[in-house]
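Trainee: Numbering of the sequence shown is given in UniProt numbering, commencing with residue 1 and proceeding in unit increments.
All C-beta atoms, glycine included, are put in the ideal place defined by N, C-alpha and C.
Below: one structure in structure tokens.
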Amino acid sequence: MGAPKKVASARVSEDPDDLARNPLQAILLADSFTTKFRPITLERPKVLLPLVNVPMINYTLAWLESAEVEEVFVFCCAHSRQVIEYLQSSEWFTRPNFVSTIESHNSISAGDALRLIYERQVIHGDFVLISGDTVSNMSLTCALQEHRERKKKDSNAIMTMVIKQSKASMITHQSRLGTDELFMAIDPCTKQLLYYEDKVDKLKGTISLDKMLLADNPSICLHSDKQDCYIDICSPEVLSLFTDNFDYQHLRRHFVKGLLVDDIMGYKIFTHEIHSSYAARIDNFRSYDTVSKDIIQRWTYPFVPDVKFCQNNTTMLERQGMYRASEVSLSRSAEIGPFTVIGTGTKIGNNTKISYSVIGEGCTIGSNVLIEGSYVWNNVTIEDACELRRAIVCDGVMMKSRAVLKPGAVLSFKVVIGQQFFVPAYSKVSLYQQPIKQDSDEELEADNSSGTVELSSITGTADKLNGEVTSEVSETPHWSTSEVGTGGLGYIWSISEGGLEEEWRHSVAPIPTDKIAEVTQAIDDDLELSTQDCNGLSPSGDLKFDSNINDSEDDDNEDSRDDSIYFEKEVEATFLRAVHENIEINDVVLEINSLRLSYNMTAADCSGAVFYSMVKLALETPHSSEGELLNNAKTVITTWRELLKFYLPETDEEIEVILKFEEMCLESTKEFSSLFSRILFLLYDKEILQEEAILKWADEKEGADESDKVFVRQSEELIQ
1 MGAPKKVASA RVSEDPDDLA RNPLQAILLA DSFTTKFRPI TLERPKVLLP
51 LVNVPMINYT LAWLESAEVE EVFVFCCAHS RQVIEYLQSS EWFTRPNFVS
101 TIESHNSISA GDALRLIYER QVIHGDFVLI SGDTVSNMSL TCALQEHRER
151 KKKDSNAIMT MVIKQSKASM ITHQSRLGTD ELFMAIDPCT KQLLYYEDKV
201 DKLKGTISLD KMLLADNPSI CLHSDKQDCY IDICSPEVLS LFTDNFDYQH
251 LRRHFVKGLL VDDIMGYKIF THEIHSSYAA RIDNFRSYDT VSKDIIQRWT
301 YPFVPDVKFC QNNTTMLERQ GMYRASEVSL SRSAEIGPFT VIGTGTKIGN
351 NTKISYSVIG EGCTIGSNVL IEGSYVWNNV TIEDACELRR AIVCDGVMMK
401 SRAVLKPGAV LSFKVVIGQQ FFVPAYSKVS LYQQPIKQDS DEELEADNSS
451 GTVELSSITG TADKLNGEVT SEVSETPHWS TSEVGTGGLG YIWSISEGGL
501 EEEWRHSVAP IPTDKIAEVT QAIDDDLELS TQDCNGLSPS GDLKFDSNIN
551 DSEDDDNEDS RDDSIYFEKE VEATFLRAVH ENIEINDVVL EINSLRLSYN
601 MTAADCSGAV FYSMVKLALE TPHSSEGELL NNAKTVITTW RELLKFYLPE
651 TDEEIEVILK FEEMCLESTK EFSSLFSRIL FLLYDKEILQ EEAILKWADE
701 KEGADESDKV FVRQSEELIQ
């Protein structure tokens, strides 16, 4: 597609004060306009897929309601009938004038959707533009006020994008949400967006900025550590611009980039960065996994499993982040691990182990089943001795006895996996045959009639799709069973040439360690060069951003704690799983190293996170006295000594562990404050900390305030 055609747009003549007095409205795009969730979205729209047992769209609508949006227009095209019927039967339609639907069977992009909404003339002032796969708990008050104040001073300030700090991996150039590294140039004073590029994987480590951009803007911050939250506050002019420019299809690729290079109309886009709030869009299976974990670990509060919002069945929060709904039938010998959600009406058999997973409602899980890091949706049947690791299982699926799902596998609706069948890693299984022609992300995932998919499915499924898959299905002679084992039902979709990399980059399974090793080996010396290029320009210019780089570093220091907290939580979850499942230390090291690369952390960060996890485990192990707490700590530290020691190559890392323990004793684990010196001696006695590290730590405290010397004073006997 060529450069978007620029046509002079008719100005919206409403006064900014009049716009501010209008009720705050929102446009919610229920269509994802992407194929990344296939084959699942051939049968159900993404916004209705369960996210920790709640349809995605409910998180978006609940947040809009909490943000005091008074009217939401839900635009739907593919599977429009399903979306409208769901909303009409939900509590949202009981709120007067809160949700209205706009249906179209001809729109194939976000641009088409916004042009249709403009024609309907339903937007009367500033509005929030968002997709129905977004989860947030941010307040809109500040961002909306900034947007309106700017509009009063400059009528060309028509859009404010919400962004958040998020460092991409230096190895994979991928964020924790599985999206490509994003480059943004922002005016540090006005927060105006000057440059936007989200295809850095094709840029080979370099970016090119127009020299005029530098000439016109004396101060620029170039960022590669920001996440686009896909929450936009827009003035009505945005809709008219889409109407005037029919080449605008994609919101970012066409509209945002088009405005940034347009020097005729002079429209401007600004940014609003959030820090302590949460906002993320589910764009692929990896971001589905990441956001699910964030919900379970309560970063999205109040939109969490144990808080009632919009028809969700509230669950009880138990120890170690385990949520259990009502009417769950759980065998006494079954083991439910940390950070797991069990939906209402689910039955779990003898000796079954489930950890770091979400189990939906009405599921039947047999005996001796292993489920790890997986998402099992509603009304799923899993027979005895099955294994699921890092997989997604949709509604109505049946796994016959001893079937195995390898990491990254996706089973679409009502698939049946035969006895003892192994579904390969990163495979997708569906009742529908794989389309011969693959649509691009600009095309909808269904036809333009009513959301009905025109694809060949297994003979006889038409009558079965509205009912439950039962054991008699495998006995019907006309079912195709060869691809998924004896008694199975479904087609395994092939991975196109070159598509495997895309699968493991966007999968719910962690990126394989061998793939990370390959990427690391491939970039070698180029890593340092590409890092330098991120802070500079194309080779054709000599200009540098010295003063602005300092500003950017200040922002990094302010926001880096976000990534550190996420990293610490991920390491804690990994450590707890290792404890409960007796995982070998070498395997734990591999997992933590993957997280380290993903979050771009140091050995000191790893040692601090591991030690934090060890101390938390000791604290959460039952104890009734200070002596028992100390014994808990001794047991944990002795057992996992080699894991902690692995991340202490130098004295500096050992000092970081002491400083981390100080911080914990003052904040998150105050119960250990009186035991500080005894734990310090234990670490020394077990040869985890060396004498040099303890003495250097004490020396560094010499010039500190007395309040900072509390634990040095407590440890004087050991130091002497």
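#1: What are the residues that DSSP puts in a beta bridge with threonine 381?
#2: Could you work out which residue in Leu116, Ile233, Ile359 and His79 is closest to leucine 144 when comparing CA atoms only?
#3: What does DSSP give as the partner residues of cysteine 386 in its beta bridges?
#4: Starting from the Cα of phenylalanine 422, find the closest Cα among Ala385, Cys394 and Asp395 and give me that residue.
#5: Quickly, what does DSSP pair lysine 347 with across the bridge? List them, please.
#6: Could you compute how far the alpha carbon of phenylalanine 661 sits from the alpha carbon of glutamate 628?
#7: If we call anything under 9 Å between Cβ atoms a contact, is alanine 609 one with glutamate 642?
#8: Should methionine 316 be labelled buried (16 or more other beta-carbon atoms within 10 Å of its own) or exposed?
#9: If you follow the beta strand (DSSP E) that leucine 28 is part of, which residue opens it and which one closes it?
#10: In this structure, does DSSP put tryptophan 299 in helix, strand or coil?
#11: Mind checking arginine 394: buried by the 16 CB within 10 Å criterion, or exposed?
#12: Assign lysine 670 to one of two classes, buried (16 or more other C-beta atoms within 10 Å of its C-beta) or exposed (fewer than that).
#13: Have a look at serine 107 and methionine 265 and give me their C-alpha separation to the nearest angstrom.
#14: Can you name the start and end residues of the beta strand (DSSP E) that phenylalanine 309 belongs to?
#15: Within 10 Å of its beta-carbon, does valine 469 have 16 or more other beta-carbons around it, so buried, or fewer, so exposed?
#16: Can you tell which of Gln165, Arg176, Leu177 and Gly178 has the C-alpha that lies nearest to the C-alpha of methionine 184?
#17: If you draw a straight line from the alpha carbon of leucine 576 to that of proline 302, how long is it in whole angstroms?
#18: Once you ignore the five residues that flank glycine 345 on each side, which residues in its own chain have a CB closer than 6 Å to its CB?
#19: Given that a residue counts as buried once 16 or more other Cβ atoms are within 10 Å of its Cβ, and exposed if not, what is leucine 695?
#20: Tell me which same chain residues have a C-beta within less than 6 Å of the C-beta of cysteine 665, skipping the five on either side of it?
#21: Which runs of the alpha helix (DSSP H), 4 residues or longer, sit entirely within the segment 640-706?
#22: Run through DSSP, which three-state label would alanine 334 get?
#23: With C-beta atoms as the reference, is glycine 132 less than 9 Å away from glutamine 25?
#24: Which term fits lysine 151, buried or exposed, when burial requires 16 or more other beta carbons within 10 angstroms of its beta carbon?
#25: Please classify glutamate 702 as buried or exposed, where buried requires at least 16 neighbouring CB atoms within 10 angstroms.
#26: Assign proline 23 to one of two classes, buried (16 or more other C-beta atoms within 10 Å of its C-beta) or exposed (fewer than that).
#27: Taking 7 Å as the limit between beta carbons, can you name the residues of its chain near aspartate 559, skipping five residues before and five after?
#28: Would you kindly work out how many angstroms separate the C-alpha atoms of lysine 616 and proline 622, rounded to a whole number?
#29: Using a Cβ-Cβ cut-off of 7 Å (strictly less than) and excluding sequence neighbours within five positions of serine 507, which residues of its own chain qualify?
#30: Taking the Cβ atom as the reference point for each residue, do alanine 62 and aspartate 31 lie within a distance shorter than 9 Å?
#31: What does threonine 101 pair with, by DSSP beta-bridge criteria?
#32: Check whether the Cβ atoms of asparagine 58 and phenylalanine 309 lie closer than 9 Å to each other.
#33: Alpha carbon to alpha carbon, how far is glutamine 88 from valine 72?
#34: Spatial neighbours of threonine 364 within its chain, please: CB distance less than 6 Å, with the 5 preceding and 5 following residues excluded, ordered by chain position.
#35: Starting from serine 80, trace the alpha helix (DSSP H) in both directions and tell me its first and last residue.
#36: Consult DSSP for phenylalanine 567 and reduce its assignment to one of helix, strand or coil.
Mentor: This is what the structure gives:
#1: The secondary-structure analysis by DSSP pairs threonine 381 across a beta bridge with Thr364 and Met398.
#2: Checking every option, the nearest Cα to that of leucine 144 belongs to Ile233.
#3: DSSP lists no partner for cysteine 386.
#4: Its Cα nearest to that of phenylalanine 422, the residue Ala385 stands out among Ala385, Cys394 and Asp395.
#5: Its beta-bridge partners are Ser329 and Thr364.
#6: A straight line joining the alpha-carbon of phenylalanine 661 with that of glutamate 628 spans about 19 Å.
#7: Not closer than 9 Å, so no.
#8: Answer is exposed; the Cβ neighbour count stays below 16.
#9: The continuous beta strand (DSSP E) containing leucine 28 extends over residues 25-29.
#10: Here tryptophan 299 sits in coil by DSSP.
#11: It should be pointed out that residue 394 corresponds to cysteine in this sequence rather than to arginine. Buried, since its Cβ has 16 or more Cβ neighbours within 10 Å.
#12: Classification for lysine 670: exposed.
#13: A straight-line Cα-Cα distance of about 27 Å links serine 107 and methionine 265.
#14: For phenylalanine 309, no beta strand (DSSP E) run applies, since DSSP gives it neither H nor E.
#15: Confidence at valine 469 is low in this model, with a pLDDT of 36, below 50, so the placement of that residue should be treated as unreliable; the coordinate-derived value is given next. With 16 or more other CB atoms across the displayed protein chains lying within 10 angstroms of its CB, valine 469 is buried.
#16: Its Cα nearest to that of methionine 184, the residue Gln165 stands out among Gln165, Arg176, Leu177 and Gly178.
#17: Cα to Cα, leucine 576 sits roughly 25 Å from proline 302.
#18: By the criterion of a C-beta distance shorter than 6 Å, glycine 345 is surrounded in its chain by Glu327, Glu361 and Gly362, once the five residues flanking it on both sides are discounted.
#19: Leucine 695 comes out exposed.
#20: The answer, listed in chain order, is Phe672, Ser673 and Phe676.
#21: Fully contained in the segment 640-706 are the following alpha helix (DSSP H) runs of length 4 or more, in chain order: 641-646, 651-666, 676-685 and 691-700.
#22: If DSSP states are grouped into helix, strand and coil, alanine 334 belongs with coil.
#23: Their beta carbons are not under 9 Å apart, which means glycine 132 does not touch glutamine 25 by this criterion.
#24: Here lysine 151 is buried: its Cβ has 16 or more other Cβ atoms, across all protein chains shown, within 10 Å.
#25: Taking all protein chains in view, the Cβ of glutamate 702 is surrounded by fewer than 16 other Cβ atoms within 10 Å, so the residue is classified as exposed.
#26: Exposed is the call here.
#27: For aspartate 559, the predicted structure reports a pLDDT of 48, less than 50, and the residue's modelled location is therefore unreliable. The matter cannot be settled from this model.
#28: Going by the C-alpha atoms only, they are around 12 Å apart.
#29: Only residues of its own chain outside the window of five on either side were considered, and among them Phe285, Arg286, Gly408 and Tyr426 have a CB closer than 7 Å to the CB of serine 507, listed in chain order.
#30: At least 9 Å separates the beta-carbon of alanine 62 from that of aspartate 31.
#31: Per DSSP, Val74.
#32: Cβ distance < 9 Å, so asparagine 58 and phenylalanine 309 count as in contact.
#33: Straight through space, the alpha carbons of valine 72 and glutamine 88 are spaced by roughly 14 Å.
#34: The answer, listed in chain order, is Lys347 and Thr381.
#35: Unbroken alpha helix (DSSP H) run through serine 80: 80-89.
#36: Helix at phenylalanine 567.
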